[in-house]
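Undergrad: Sequences listed follow chains S and R, in order. When we follow the working numbering, the leftmost residue of the first sequence carries the number 8, and every step to the right adds one. When we follow the working numbering, the leftmost residue of the second sequence carries the number 28, and every step to the right adds one.
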Amino acid sequence: MKYLMSTIGRKQLMAVTGLLWSGFVLSHMAGNFLMFVGAEAYNKYSYFLVSNPLIYLAEAALVLTILVHAVSGIRLAIQNRNARPQKYSMTPSGDKAPRFQSRWMAFHGSLILVFLVYHLITFKFGTYYSVTYDGVEMRDIHRLLIEVFQSPAYVVGYIFCVIAVGFHLSHGFYSSFATLGLYHPRYSAMLNKFGYFYGFIVAGGFISQPLYVFFVAGK
Amino acid sequence: MGGTGTTTLNLKLKVWRQNNPQAEGHFEDYDVEGISTDASFLEMLDVVNNRLVKEGKDPIAFDHDCREGICGSCSMTINGNPHGPQRGTTTCQLHMRKFKTGDSITVEPFRAKAFPVIKDLAVNRSAFDKIIASGGYVSVNAGNAPDANARPVPKDVAANAFMAAACIGCGACVAACTNSSAMLFVGAKVSHLGLLPQGDPERERRVLNMMQTMEDAGFGNCSNTGACSLACPKEISFERIANLNSEFLRATVKNRNTSGSVG
């Protein structure tokens with residue numbers, strides 16, 4: 008218990024929960040690519056997920072881990088803000104400047120949390136259309152998707168938020184391993200580059216989907 | 028001054044002035060002329076202070092001691108960078124040739140709740156002493172000197188421990204950290220002492236006690252930006268923090284002392 012109250016303990020909790028979510032967003036992004044195949048493939052994939060009884064376990068785990076991640080993150084961020092009551096007039100620059108996204112983790116983390124709630128309201132708890140394939144009635148989530156991504160404002164906002172996800176992952180992925188104590192001069196440099204790649208792939212994938220709907224599928 | 032290519036610089040200084048820990052600080056501007064490019068940053072401040080004293084004004088307070096880059100006293104933030112823009116350099120070893128004539132230079136103290144300002148650029152870093160006192164030591168058998176080779180230490184381990192031991196405790200890691208965390212400092216001490224057989228008996232309680240003292244002193248925590256390592260005049264590797272994280276986890280699992288304080 009003392010471990011979980013310590014800063015390193017909290018950070019290690021954030022690392023583990025963050026890595027779980029990194030895996031989830033990648034699989035979510037990859038699964039969504041079925042929208043490029045067509046409405047039936049996308050809806051059947053969605054039905055396959057929600058009709059599996061294990062979904063409740065997976066959903067509970069996701070909710071629990073995001074809460075642990077967010078609560079620990081907020082507590083650590085408050086501790087960090089208090090650690091420097093008088094701010095600098097200038098920040099490190101030139102050869103001594105760290106990469107910028109690493110300094111803004113709490114900022115894009117908060118944005119992502121708000122986006123996540125909004126995202127769930129829009130899709131998971133959004134309008135229920137139904138469709139029947141091969142005699143099985145299921146949710147027509149594809150129709151809702153096409154509807155939502157007709158709005159240019161929604162598309163722009165969505166893209167902005169998934170770019171934040173990309174930045175968050177690009178630092179968070181590598182950072183998680185360091186927090187768990189896994190570091191090697193050579194492999195960590197590679198892991199660092201892989202973190203950027205991971206963030207880029209996830210953000211890029213999520214950006215391509217609303218753009219596809221807006222410019223191609225929705226027409 | 029000697030040397031070839033010595034020129035002089037005219038600079039605009041913006042320096043943090045604060046009379047005492049409780050006072051409200053503010054920036055004051057100084058036009059400084061005729062500074063040799065061979066001068067160190069501290070020598071430039073000496074020139075400014077000589078002028079201030081002659082004018083009957085209060086000189087700028089700053090810490091300094093060895094002026095050869097090993098004591099870790101000369102803490103100040105120059106244009107947002109602890110110890111100035113050059114990597115692997117303390118303020119006393121930073122030369123004015125790194126600046127151009129007409130440059131504006133903002134000089135602030137190291138800023139952290141755990142490092143309260145004493146006056147102007149001088150800060151109280153005794154929080155580091157508290158961290159050291161809580162675990163930065165080794166137990167020795169008092170008595171005759173042990174045999175030279177009684178405790179073999181492999182060369183690579185000795186070299187690794189030595190790289191961590193290069194930390195001079197200046198506090199630049201805290202100053203550079205967006206969270207005012209002292210984890211690079213603690214990590215350097217934990218690696219330095221924990222890697223060697225002499226420091227092994229205290230291995231677990233060292234890391235637990237030092238981290239607890241760090242938190243109690245009001246330092247922030249690490250978000251792995253790596254700014255500390257970039258600002259460190261001794262270029263202590265960021266790896267020390269990852270090592271501290273794994274040592275902390277290991278000590279948490281191994282420690283059998285369940286009564287409050289681990290010491």
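A virtual CB, placed ideally from N, CA and C, is assigned to each residue, including glycine.
Shorter than 8 Å from the beta carbon of Arg193/S to some beta carbon of chain R?
TA: Taking the first residue of the first sequence as 1, we reach residue 193/S at position 186. It does not; no Cβ of chain R falls within 8 Å.
Undergrad: Taking 8 Å as the CB-CB cut-off, is Ala169/R touching chain S?
TA: On the second sequence, position 142 is the one that residue 169/R refers to. No, because no Cβ of chain S sits closer than 8 Å to the Cβ of Ala169/R.
Undergrad: For Phe275/R, which residues from the same chain have a beta carbon less than 8 Å from its beta carbon, with the 5 sequence-adjacent residues on both sides left out?
TA: What you label residue 275/R is simply residue 248 of the second sequence in a count that begins at 1. Cβ within range, chain order: Val234, Leu235, Met238.
Undergrad: Go ahead and pull the three-state DSSP assignment for Leu222/R.
TA: Locating residue 222/R in the second sequence gives position 195, where the first residue counts as 1. Leu222/R: coil per DSSP, three-state reduction.
Undergrad: On the CB-based measure, 16 or more other CB atoms within 10 Å of its CB, does Arg283/R come out buried or exposed?
TA: One-based indexing of the second sequence puts residue 283/R at position 256. Arg283/R is exposed by the Cβ-count criterion.
Undergrad: Using the Cα positions of Phe89/R and Asp147/R, report the straight-line distance between them to the nearest angstrom.
TA: For the purposes of this step, residue 89/R is taken as residue 62 along the second sequence, with counting starting at 1. For the purposes of this step, residue 147/R is taken as residue 120 along the second sequence, with counting starting at 1. About 7 Å.
Undergrad: Would you mind working out which of Tyr63/S, Asn89/S, Ser79/S sits nearest Ala22/S, comparing C-alpha positions?
TA: The residue labelled residue 22/S in the question sits at position 15 within the first sequence. Among Tyr63/S, Asn89/S, Ser79/S, the Cα nearest to that of Ala22/S is on Ser79/S.
Undergrad: Please confirm if Asp102/S has its CB atom under 8 Å from at least one CB of chain R.
TA: By one-based count along the first sequence, residue 102/S stands at place 95. Taking Cβ atoms only, chain R reaches closer than 8 Å to Asp102/S, which makes this a yes.
Undergrad: For a cutoff of 8 Å on Cβ pairs, would you count Ala185/S as touching chain R?
TA: Counting from 1 along the first sequence, the entry for residue 185/S is found at position 178. True, the Cβ-Cβ gap to chain R drops below 8 Å.
Undergrad: Residues in the stretch 16 to 37 of chain S with C-beta within 7 Å of chain R's C-beta atoms, listed in sequence order?
TA: Answer set for the stretch 16 to 37 of chain S: Lys18, Gln19.
Undergrad: Reducing DSSP to helix, strand and coil, say where Leu36/R ends up.
TA: Along the second sequence, read from residue 1 onward, the residue named residue 36/R stands at position 9. It is a strand residue.
Undergrad: Starting from Tyr203/S, find everything on chain R with Cβ-Cβ shorter than 8 Å and list it in chain order.
TA: Stepping through the first sequence from its first residue, residue 203/S is reached at position 196. Those do not exist, as Tyr203/S stays about 14 Å from chain R at its closest Cβ, beyond 8 Å.
Undergrad: Please compile the residues from chain R whose C-beta is within a distance smaller than 7 Å of the C-beta of Met7/S.
TA: Missing from the structure shown is residue 7/S; chain S here goes from 8 to 226 and no further.
Undergrad: Anything in chain S within Cβ reach of Thr104/R, meaning under 7 Å, just list it in chain order.
TA: The residue you call residue 104/R lines up with position 77 of the second sequence. Result: Tyr95.
Undergrad: Please confirm if the stretch 135 to 155 of chain S is in contact with the stretch 134 to 144 of chain R, defined as three or more CB-CB distances below 8 Å between the two stretches.
TA: In short, these stretches do not touch, since the Cβ pair count stays below three.
Undergrad: Would you kindly report the start and end of the unbroken alpha helix (DSSP H) that includes His175/S?
TA: Numbered from 1 along the first sequence, position 168 holds the residue referred to as residue 175/S. 159 to 186 is the span of the alpha helix (DSSP H), which, as asked, contains His175/S.
Undergrad: Tell whether a beta-carbon distance below 8 Å holds between Gly6/S and Gly173/S.
TA: Outside the modelled stretch of chain S, which goes from 8 to 226, sits residue 6/S, for which no answer is possible.
Undergrad: Mind checking who Glu55/R pairs with in its DSSP beta bridge?
TA: As a position in the second sequence, residue 55/R is number 28, starting the count at 1. Per DSSP, Val42/R.
Undergrad: How would you call Cys255/R, buried or exposed, if buried means at least 16 neighbouring beta carbons within 10 angstroms?
TA: Residue numbering aside, residue 255/R sits at position 228 when the second sequence is read from its first letter. Cys255/R comes out buried.
Undergrad: Hey, quick one: how far does the alpha helix (DSSP H) through Glu47/S stretch, first residue to last?
TA: Reading the first sequence from its first residue, position 40 is the one you call residue 47/S. From DSSP, the alpha helix (DSSP H) with Glu47/S extends over 46 to 57.
Undergrad: Give me the Cα-Cα distance between Asn151/R and Pro136/R, rounded to the nearest whole angstrom.
TA: Counting from one through the second sequence, the residue named residue 151/R turns up at place 124. Counting from one through the second sequence, the residue named residue 136/R turns up at place 109. Cα-Cα distance, rounded: 10 Å.
Undergrad: Measuring only between beta-carbons, confirm whether Arg91/S sits less than 8 Å from chain R.
TA: Position 84 of the first sequence holds residue 91/S. For Arg91/S, the answer is yes, since a Cβ of chain R falls inside 8 Å of its Cβ.
Undergrad: In whole angstroms, what separates the C-alpha of Ser53/S from that of Leu69/S?
TA: Here residue 53/S refers to the residue found at position 46 of the first sequence. Here residue 69/S refers to the residue found at position 62 of the first sequence. Answer to the nearest angstrom: the Cα atoms are 17 Å apart.
Undergrad: Using 8 Å as the limit for Cβ to Cβ distance, is Lys55/R near chain S?
TA: The residue you call residue 55/R lines up with position 28 of the second sequence. Checking the displayed sequence, the identity of residue 55/R turns out to be Glu instead of Lys. No, Glu55/R does not count as interfacial toward chain S.
Undergrad: Starting from Tyr140/S, follow the beta strand (DSSP E) in both directions and report where the run begins and ends.
TA: Sequence index remark: in the first sequence, residue 140/S carries index 133 (1-based). It spans 137 to 140 - the beta strand (DSSP E) in which Tyr140/S sits, taken as one unbroken run.
Undergrad: Do the stretch 103 to 116 of chain S and the stretch 251 to 265 of chain R make contact, defined as three or more Cβ pairs closer than 8 Å?
TA: Flag = yes, the stretch 103 to 116 of chain S and the stretch 251 to 265 of chain R touch.
Undergrad: Per DSSP, which one or two residues make a beta bridge with Thr104/R?
TA: As a first step, residue 104/R must be located in the second sequence, where it is residue number 77. Answer by DSSP bridge pairing, in chain order: Pro109/R, Glu135/R.
Undergrad: What does Asn46/R touch in chain S if you count any residue whose Cβ is under 8 Å from its own?
TA: Walking along the second sequence from the start, residue 46/R turns up at place 19. Per Cβ cutoff of 8 Å: no residues; Asn46/R is ~15 Å from chain S at best.
Undergrad: Please classify Ala175/R as buried or exposed, where buried requires at least 16 neighbouring CB atoms within 10 angstroms.
TA: Taking the first residue of the second sequence as position 1, residue 175/R is located at position 148. The residue is exposed, with fewer than 16 neighbouring Cβ atoms inside 10 Å.
Undergrad: What residue from Ala90/S, Leu26/S, Asn50/S has the CA that sits closest to Met145/S's CA?
TA: Position 138 of the first sequence, counted from the first residue, corresponds to residue 145/S. Looking at the Cα atoms, Asn50/S is the closest of the given residues.
Undergrad: Using a Cβ-Cβ cut-off of less than 8 Å, give me the residues of the stretch 189 to 211 of chain R that come near chain S, in sequence order.
TA: Correct list: Ala203, Thr205, Asn206, Ser207, Ser208.
Undergrad: Nearest-angstrom Cα distance between Ile158/R and Thr240/R?
TA: By 1-based counting over the second sequence, the position of residue 158/R is 131. By 1-based counting over the second sequence, the position of residue 240/R is 213. So the alpha carbons of these two residues sit roughly 6 Å apart.
Undergrad: Taking the DSSP output, what are the residues bridged to Val150/R?
TA: Here residue 150/R corresponds to residue number 123 of the second sequence, with the count starting at 1. The partner list for Val150/R (beta bridge, DSSP) reads Val144/R.
Undergrad: Thinking Thr35/R and Gly61/R are a contact (beta carbons under 8 Å), I'd like their distance in whole angstroms, please.
TA: Start at 1 with the first residue of the second sequence, and residue 35/R comes out as number 8. Start at 1 with the first residue of the second sequence, and residue 61/R comes out as number 34. That belief holds up - the Cβ atoms of Thr35/R and Gly61/R are roughly 5 Å apart, short of 8 Å.
Undergrad: Can you name the start and end residues of the beta strand (DSSP E) that Arg146/S belongs to?
TA: The residue given as residue 146/S occupies position 139 in the first sequence. 143 to 146 is the extent of the beta strand (DSSP E) around Arg146/S.
Undergrad: Below 8 Å on the Cβ atoms is my contact criterion, and I expect Cys197/R with Thr104/R to pass it. Report the Cβ-Cβ distance as a whole number of Å.
TA: Counted from its first residue, the second sequence places residue 197/R at position 170. Counted from its first residue, the second sequence places residue 104/R at position 77. Not a contact, Cβ separation roughly 12 Å.
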